[in-house]
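Novice: Here you go, one structure.
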Amino acid sequence: MKKLTVFILGTFLIVAVMYALEYIESSSGLETPALEGGRTEVEMADINGDGNIDILSIGDHGSPYINTNEHGVMVWFGDGQGNWSVYQNGNFGYGGIAIGDLNNDGHMDIGYGMHHNYSSTDFGDSILEAALGDGTGQNWTAWDDGISTGGDWGMFSTDFADINNDGYLDIGSVSFGADDGVHLCTNNGDGNWTYAFGFSGGNSTMFFKFGDVNGDGNADFAVGHQYGSIYLGDGAGNFTLADGNLPPGGNVGRRGSSLGDVNNDGDQDFAFTNTAGGIEVWVWNGSNNWVDYSGTLPSSGPYYGTQLCDMDIDGYMDVAAFGDSTVTIWSGDGAGNWTEATTFYTPGPGDFTAFRVGGDADHNGYPDIVLVGDEGDAWNAINHLHFYKETSTPGSLFIFPVFPRGGETFIAGSVHFIDWTCGVPSGTALISLELSTTGPSGPWSQIIANTPNNCRYQWSIQSAISSDNCFIKYTAATQTDTSTAITPASFRISPATSVKEFEYSSISHTSLQVRPTVSGTNIMIRVTTTGVTDSRVKVFDNSGKLIRKLLEVKGSGQFTIPWDRNDVQGRRLPSGTYFITLETADKKITEKIILVQ
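The numbering of the sequence shown is our numbering, which starts it at 99 and goes up by one.
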């Protein structure tokens with residue numbers, strides 16, 4: 099049964115036809131290859147550019163070839179109706195995956211963190227990697243020189259964002275379980291990467307997602323980790339913990355984390371599941387302060403993973419959650435009130451393994467759901483991949499702006515994703531995107547014309563733009579019809595700012611650089627000395643007491659010093675503020691670091 103809803107956002111009257119949410123399983127082809135057990139990550143994207151959503155993963159514990167035929171990058175190609183056929187490439191697996199165009203050539207590429215880096219070639223021999231695609235979704239070329247993590251146990255959930263606003267997607271990932279921490283590397287655009295931020299140690303719940311939490315245009319991230327959940331970026335590759343008054347995450351970190359703009363103010367808010375299996379939503383309120391928007395969401399239950407997504411396309415963010423064979427969606431109203439929209443069940447017993455929403459496999463205009471459940475009893479549990487598509491049929495062609503929605507800030511010269519949904523009654527549609535920097539009436543300049551209707555376009559923002567009154571116009575066109583929509587409220591494009599990048603190769607003077615500046619365990623120190631006879635690197639505590647001499651050399655050169663806080667006369671340094679100094683005959687340079695628990 100459908101209902102007609104009218105709502106107003108900003109100055110626009112929007113009429114949306116909405117259906118009661120119902121889902122039907124559409125998993126034909128996903129049974130190959132058979133999976134095994136353990137956590138994994140799945141993503142939906144049009145990897146081969148045919149306009150249809152595909153599913154990608156590097157598999158679970160069974161990859162590569164452990165009791166299964168899983169191996170490498172697995173792509174289940176979609177046919178636009180909810181049927182799938184798999185193609186596999188590589189000899190590695192068990193981890194997370196991210197999708198985006200890393201070298202801006204128009205083809206989708208991948209990044210992945212893993213536990214089983216068993217490959218004998220460059221494609222799959224490290225625990226965090228990136229690889230270029232050729233547009234087919236079948237062939238990959240390793241493109242990961244310089245990506246480093248400081249660990250060897252394994253990485254997992256992985257995502258892309260432009261963290262330094264230079265027009266290239268960068269990579270971030272969280273560890274597999276414990277010890278290897280969180281690590282981010284910036285993309286130099288030529289196959290080389292530079293370590294930007296991270297830390298080792300601590301436990302992980304294996305969730306990682308980029309977003310803009312404080313609305314300043316710089317990429318932030320949410321992570322399921324013992325050392326904290328929300329880290330705010332400065333646009334130069336540095337991040338600061340901003341958990342503020344969030345409830346405690348315990349010794350493993352808040353699980354099931356996701357980001358989305360719940361109250362339509364232009365910044366992204368935070369959802370997660372608590373230790374009782376309940377759902378919590380917290381809205382960023384500025385100055386490291388959060389407001390509880392959980393409202394009527396259950397404080398306990400069977401849930402483990404969350405997703406924030408406008409599932410009923412009414413203009414307000416909804417909450418989807420999965421755990422213990424149960425999928426539930428609560429419809430939001432932007433004010434912290436939630437109404438259960440639907441609940442359905444996967445084969446049980448079945449524990450959470452992976453969960454993702456947002457892609458529209460059958461082009462009906464409503465987001466769909468992909469998940470992996472660990473099904474069966476404790477002795478015979480096996481992972482199964484399922485896809486559930488929303489069942490409604492569009493009565494006419496429509497297009498709905500998903501992101502941006504208004505209020506966001508973007509930095510000129512950076513790269514972002516434009517998202518939409520588009521309902522097509524029959525046949526196929528092509529999408530055109532245009533930008534106005536002078537309000538909703540235009541004039542309009544072309545972003546892209548006649549791109550496939552795959553719900554996402556990677557947008558490189560021109561560096562010369564500066565405007566507080568930006569809008570995007572979305573046009574869907576079939577052979578017989580067109581439909582147009584405009585972002586409901588204005589967003590901002592701010593001028594690019596010059597930042598000092600952390601690029602070792604460009605250093606040609608006496609310098610000291612430390613990454614990360616906030617860490618749980620490991621610090622990477624880079625020293626360059628030019629025209630000096632000797633130099634010393636030391637660590638001091640906040641009172642000025644000498645803690646450790648790290649380096650003493652004669653002559654000029656470049657030196658990289660990995661430092662472990664546990665390596666101090668057999669004891670672990672307590673959390674707090676410390677100072678690393680580089681001393682030469684005529685100069686003393688100091689960098690402050692903060693060690694967290």
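For every residue, glycine included, the Cβ atom is placed at its ideal position computed from N, Cα and C. Everything numeric in this text was worked out from a predicted model, so none of it was measured.
May I ask you to verify whether the stretch 365-383 touches the stretch 408-421, counting CB pairs closer than 8 Å and requiring at least 3?
Specialist: Yes, the stretch 365-383 is in contact with the stretch 408-421.
Novice: Output the distance between the C-alpha atoms of residue 207 and residue 286, rounded to the nearest integer angstrom.
Specialist: The straight-line gap from Cα to Cα measures roughly 15 Å.
Novice: The beta strand (DSSP E) that contains residue 567, what's its start and end?
Specialist: 565-575
Novice: Counting only runs that start and end within the stretch 296-383, where is the beta strand (DSSP E) found for 3 or more residues in a row?
Specialist: 302-309, 318-323, 328-331, 337-339, 353-358, 367-371 and 377-382
Novice: Between residue 399 and residue 375, what straight-line distance do the alpha-carbon atoms span, to the nearest angstrom?
Specialist: 4 Å
Novice: Could you tell me which residues DSSP puts in a beta bridge with residue 522?
Specialist: According to DSSP, residue 522 bridges with nothing at all.
Novice: Nearest-angstrom Cα distance between residue 242 and residue 226?
Specialist: 8 Å
Novice: Do the stretch 629-649 and the stretch 304-322 meet, that is, are 3 or more Cβ pairs less than 8 Å apart?
Specialist: no
Novice: Measuring alpha carbon to alpha carbon, tell me which of 476, 435, 475 and 491 ends up nearest residue 459.
Specialist: 491
Novice: Could you pull the start and end residues of the beta strand (DSSP E) that residue 209 belongs to?
Specialist: 207-214
Novice: At a cut of 8 Å, does the stretch 479-498 reach the stretch 452-469 through at least three beta carbon pairs?
Specialist: yes
Novice: According to DSSP, is residue 686 part of a helix, a strand, or is it coil?
Specialist: strand
Novice: Hey, residue 372 and residue 378: beta-carbon distance below 8 Å or not?
Specialist: yes
Novice: Taking only the alpha-carbon atoms, compute the straight-line gap between residue 401 and residue 355 and give it to the nearest angstrom.
Specialist: 12 Å
Novice: Can the beta-carbon of residue 593 be found closer than 8 Å to that of residue 519?
Specialist: no
Novice: Give, in chain order, every unbroken run of the beta strand (DSSP E) that is at least 3 residues long and sits entirely within the stretch 415-489.
Specialist: 416-421, 424-430, 436-443, 448-455, 467-473 and 480-488
Novice: Could you check where the beta strand (DSSP E) with residue 643 kicks off and where it finishes?
Specialist: Looking at the DSSP string, residue 643 is not in any beta strand (DSSP E), and its letter there is neither H nor E.
Novice: Buried or exposed: which applies to residue 478, given that a residue is buried once 16 or more other Cβ atoms fall within 10 Å of its Cβ?
Specialist: exposed
Novice: Beta carbon of residue 211, beta carbon of residue 161: below 8 Å?
Specialist: no
Novice: Please determine if the stretch 502-515 and the stretch 122-139 are in contact, where contact requires at least 3 C-beta pairs separated by less than 8 Å.
Specialist: no
Novice: Starting from the N-terminal side, write out each stretch of the beta strand (DSSP E) that is 3 residues or longer and does not extend beyond the stretch 492-541.
Specialist: 496-501, 507-509, 513-521 and 528-534
Novice: Classify residue 158 as helix, strand or coil using the three-state DSSP reduction.
Specialist: coil
Novice: Which first and last residues belong to the beta strand (DSSP E) in which residue 283 is found?
Specialist: 280-285
Novice: Taking the C-alpha atoms as reference points, what is the distance between residue 407 and residue 420?
Specialist: If I take the Cα positions, the gap works out to 14 Å.
Novice: Suppose the cutoff is 7 Å on Cβ atoms and the five residues either side in sequence are ignored; what does the same chain contact list for residue 306 look like?
Specialist: Contacts found: 255, 256, 257, 270, 271, 272, 319 and 321.
Novice: By DSSP's criteria, residue 401 is part of a beta bridge. Which residues make up the other side?
Specialist: None, per the DSSP bridge assignment.
Novice: So, with DSSP's three-state summary, where would you put residue 586?
Specialist: coil
Novice: For residue 531 versus residue 509, is the C-beta spacing smaller than 8 Å?
Specialist: No, these two residues do not count as a Cβ contact at 8 Å.
Novice: What number of angstroms, rounded off, separates the C-alpha of residue 443 from the C-alpha of residue 410?
Specialist: 19 Å
Novice: Have a look at residue 553 and residue 214 and give me their C-alpha separation to the nearest angstrom.
Specialist: 32 Å
Novice: On a Cα-Cα basis, can you pick out the residue from 574, 671, 675 and 682 that is closest to residue 649?
Specialist: 682
Novice: Residues in the same chain with beta-carbon distance under 8 Å from residue 127, minus the five sequence neighbours each way, listed in chain order, please.
Specialist: 174, 181, 182, 183 and 184
Novice: Between 203, 253 and 234, which lies nearest to residue 222 when the distance is taken from Cα to Cα?
Specialist: 253
Novice: Using the Cα positions of residue 452 and residue 686, report the straight-line distance between them to the nearest angstrom.
Specialist: 50 Å
Novice: If you check the beta carbons only, do residue 550 and residue 144 fall under 8 Å apart?
Specialist: yes
Novice: Could you tell me which residues DSSP puts in a beta bridge with residue 550?
Specialist: 528
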